[in-house]
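Single-structure report; data block below.
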Amino acid sequence: MNSIIEDSKLPKLAEFKVNEVKPAIDKLFSLAQSNLENALQTQNPNWQTLLKLEEDDEKISQAFSTISHMNAVCNSKELRESYEYAIAKLTDYYTKLGQNKDLYDLYKQIQKDNLTNEQAQAVRKAIIGFEQSGVNLDEAKRKRLQQISQELAQLSTKFENNVLDATMDWLYTTDDEKELKGLSQHTIESAKAKANQKNIAEKYALGIDIPTYLAVMQQADNRKLREKFYKAYCTKASKEADNKNFDNDENIEKILKLRIEKSQILGFDNYAENSLFTKMAETPEQVLELLNKLLEKSLPQAKKELNELRRFAEDAGLVDALQPWDSAYYSEKLKKAKFDFTEEELREYFPLEKVQDGLFKILKQIYNLDVKENTQYTKYVPEQQTFDFFKNDQYVGSIICDFFARDNKRGGAWMDDSRTAFTTSSGSKQNPVAYVNCNFLPPSKDGANLTHNDVVTLFHEFGHALHHILSQVTIPSISGTNGVEWDAIELPSQFMENFCWCQEGLAVISGSRDGKVLSSKQIDKLVGTRHFHSALMMVRQLEFGIFDMNIHYKKLTSATEVQKELDSIREKINLIKTPSYNKFQNGFSHIFAGGYAAGYYSYKWAEILSSDVFSRFEQEGILSHKVGNELLENIISKGSSRDAMDNFVAFMGRKPNEDALLRHSGINYKIYI
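Residue 281 in UniProt numbering sits at position 281 of the sequence shown, and the numbers go up by one each step.
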């Protein structure tokens, strides 16, 4: 039996074989096509007819999710080729499906039936999907849309592969431990292990994977070393890099041109308008107005924060002007001076197992969830963990975790779905399963210890996964994270972050292996660091959001135009001059290889929603089961069975405003007015 399509409660990742990808994909699409033809010939079609088609979609989704996950966490040349084959077939099938006029008419016909609210929402969203795929266009335009979808899928994969290859290609090696002065023992041990693993003559090897890069930027006393790493990181996948073989300029240009063409075929002026059609935000102007409003309220405090950092760096002996490769280093030193600890020093208080135990205690309190580690499930890497979730002794779903950085694994942190809550046409029930992937520093001999920033990341990704597995909607297309407006998708994840920034949360997620606990005073100081340089961080995120929206709204198509736009934004926003060689955009996978094109603003939009939502817990009890249950009922469990704004209003009793976000960020803009 092919492990990719074998029916199982959890995906058979440990049995995954690259040579099973093509046969699995071919079989699934052949079966789906046959079932589609049968559905279109049904004499008296009804909701059950559509539900059977949902079953095929779910089988395809499960198989592709397995292939995509393994491609992201255990990448290889052979798997890349098979993944590209799968994504080409997937894109072709769903582009044609979205343009199938007979199927569209079938949905329109069934829309007139006496449907439940959830069924009606699923049908309504499907009809919008058909129309957004060009179902009502002439044949020439439909065919061109099919071609564009294929090309965009291939280009996104190419972009992401270039970023991964460029990251793995760059390596700094040395025998001289003095060059690494300031780096933590964790990082130095990791550098030794990497050198051994790669059979390098030198004693230490450090790459530009996220945990290593951040460690160097925050801890390395060697300024030239920091500059070297900064340049390597911000030039990756560009012509400015040492190795120019992974340059993404051409991919960026092709992606932008195709997005414009696709949008205009569908009747939009630009891709930004197209992107917002299915989001909470209504127009690019509305988004830019929000981002600029937040910028206006944040800039005065950001300038004040930077001036303080400059003075501190000068007092600490920095002779030259503060440069981008200095800011994280002196920021950590200033944080130490103000709060009496650094990120690295907090590691001992956040053993992974303690953080997990605390997270599960919080989930028990607010959602009445019980969590058990599934030790019977076969692992595809030794450090993989799987957790089963229960409510009132009933199994709810599972989360499969892959926490640590390694070669051939995509950078960053992300959640993905493996299985979606589903009651099939025969009445059988499927429980949801999600993946949580991170890139934490690999464990030392004593185990894995996280920085507080890692802890926030873990809670964030678990927030996404919980949104998926706690869904009470059993129609896959609108269950869990599926179909949720993209600018609301970050609400559950950002909501969970708040527990890492309050006394009640920190008290249960922290504590060293030898029994040391954070005192109330230390917790107060840690909570205080949330506001540390928060305006500078806000401005940085707003730069990304404005850049993303502008390049799509202004219909830019050349790498030169994109660079000029970024330079123009930096000129207005950046408080430390960015070197001309910085090609951040060439590694901006969120918008060129992910789902955030003309949608990066969603992080701030959803942060407004999540901060507002958490304000109810602040008022009624941080670990209140009553408020948690209301959140579960009105937002977390709803999937996209109801519009996101309706969910929000049902929970809060009003529409959102940005006051709670600014308060949580420590931005008191009123004092600057």
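Backbone N, C-alpha and C define an ideal beta-carbon position, used for all residues, glycine too. Just so we're clear, the structure is a prediction, and the values are computed from it rather than from any experiment.
### Query
How many Å lie between GLU308 and PHE532 at the Cα?
The alpha-carbon atoms of GLU308 and PHE532 are separated by roughly 11 Å.
### Task
Spell out a yes or no on whether the stretch 172-179 and the stretch 192-204 are touching, meaning 3 or more CB-CB pairs, one atom from each, closer than 8 Å.
In the pairwise beta carbon analysis, the stretch 172-179 is classified as touching the stretch 192-204: at least three pairs are separated by under 8 Å.
### Query
By how many angstroms is the C-alpha of GLY207 removed from the C-alpha of TRP170?
Rounded to whole angstroms, TRP170 to GLY207 spans 6 Å at the Cα level.
### Task
Measure the Cβ-Cβ separation of CYS500 and VAL436 and say whether it is below 7 Å.
Pairing CYS500 with VAL436 gives a Cβ-Cβ distance that is not under 7 Å.
### Query
Got a sec? Which residues, its chain only, sit under 6 Å from VAL381 by beta carbon, not counting five neighbours each side?
No residues qualify anywhere along the chain.
### Task
State the start and end residues of the unbroken alpha helix (DSSP H) segment that holds ILE260.
It spans 249-265 - the alpha helix (DSSP H) in which ILE260 sits, taken as one unbroken run.
### Message
From the DSSP secondary-structure annotation, give me the bridge partner or partners of ALA434.
### Response
According to DSSP, ALA434 bridges with ILE399, ASP417.
### Query
CB LYS372 to CB ASP393, shorter than 7 Å?
Not a contact, by the Cβ cut-off of 7 Å.
### Query
CB residue 681 to CB GLU497, shorter than 7 Å?
This structure cannot settle anything about residue 681, because the visible part of the chain is limited to 1 through 673.
### Query
THR173 lies in the alpha helix (DSSP H); which residues open and close that run?
Careful: THR173 lies outside any alpha helix (DSSP H), inside the beta strand (DSSP E) at 172-174.
### Query
Are there three or more Cβ pairs, one per stretch, closer than 8 Å when the stretch 349-365 is compared with the stretch 250-259?
Segments in contact, no.
### Task
Would you list the one or two residues that DSSP bridges to THR423?
THR423 pairs with LYS429.
### Query
Under a three-way DSSP split, which group does LYS391 fall into?
Residue state for LYS391 is assigned as strand, using DSSP reduced to three classes.
#### Entry: Outcome for ARG513 when other beta-carbon atoms lying within 10 angstroms are tallied against a minimum of 16
Per the 10 Å Cβ criterion, exposed.
### Message
Give the list of continuous beta strand (DSSP E) stretches no shorter than 3 residues that lie fully inside the stretch 540-570.
### Response
Taking only runs of at least 3 residues, no beta strand (DSSP E) segment lies wholly in the stretch 540-570.
### Message
So if DSSP puts residue 674 in a beta bridge, which residue, or which two residues, is it bridged to?
### Response
The chain is shown only over 1 to 673; residue 674 falls outside these bounds and no answer can be derived.
### Task
Run through the stretch 434-521 for me and flag every whole beta strand (DSSP E) of 3 or more residues, listed as ranges in chain order.
Counting only runs that start and end inside the stretch 434-521, there is no beta strand (DSSP E) element of at least 3 residues.
### Task
Name the residue from GLN522, GLY528, LEU536, SER418 whose alpha carbon lies nearest to the alpha carbon of ASN482.
Among GLN522, GLY528, LEU536, SER418, the Cα nearest to that of ASN482 is on SER418.
#### Entry: Cutoff 7 Å; reference ALA644; Cβ partners in own chain excluding five residues on either side
Cβ-Cβ distances below 7 Å link ALA644 to MET280, VAL484, GLU485, ALA488 in the same chain, with the five nearest sequence neighbours on each side left out; the list follows chain order.
### Task
Return the chain-ordered list of same chain residues with a C-beta closer than 6 Å to the C-beta of LEU491, the five sequence neighbours on each side being excluded.
Hits under 6 Å: ALA606, LEU609, SER610.
### Task
Within the stretch 259-325, note down every full alpha helix (DSSP H) run reaching 4 residues or more, in order along the chain.
Here the runs fully enclosed are 271-276, 284-315.
### Query
Within 10 angstroms of its Cβ, does THR283 collect 16 or more other Cβ (buried), or is it exposed?
If you draw a 10 Å sphere on the C-beta of THR283, you find fewer than 16 other C-beta atoms in it, and that means exposed.
### Query
For the alpha helix (DSSP H) that LEU369 lies in, which residues bound it at each end?
It is not in any alpha helix (DSSP H) - LEU369 instead sits in the beta strand (DSSP E) that spans 369-373.
### Query
GLU6: buried (16+ other C-beta within 10 angstroms of its C-beta) or exposed?
Classification for GLU6: exposed.
### Buried/exposed call for VAL319, threshold 16 Cβ in 10 Å
By the 10 Å Cβ count, VAL319 comes out exposed.
### Chain-order list of residues whose beta-carbon lies under 7 Å from that of THR529 (same chain, five-residue window excluded)
These residues qualify, in order along the chain: LYS335, PHE339.
#### Entry: Between the CA atoms of GLN301 and TYR672 - distance to the nearest angstrom
No answer about TYR672 holds up, because its pLDDT of 40 lies below 50 and its placement is not dependable.
### Message
With the cut-off set at 7 Å, would you say ARG310 and LEU322 are in Cβ contact?
### Response
Yes; because the gap between Cβ atoms is below 7 Å, this pair is in contact.
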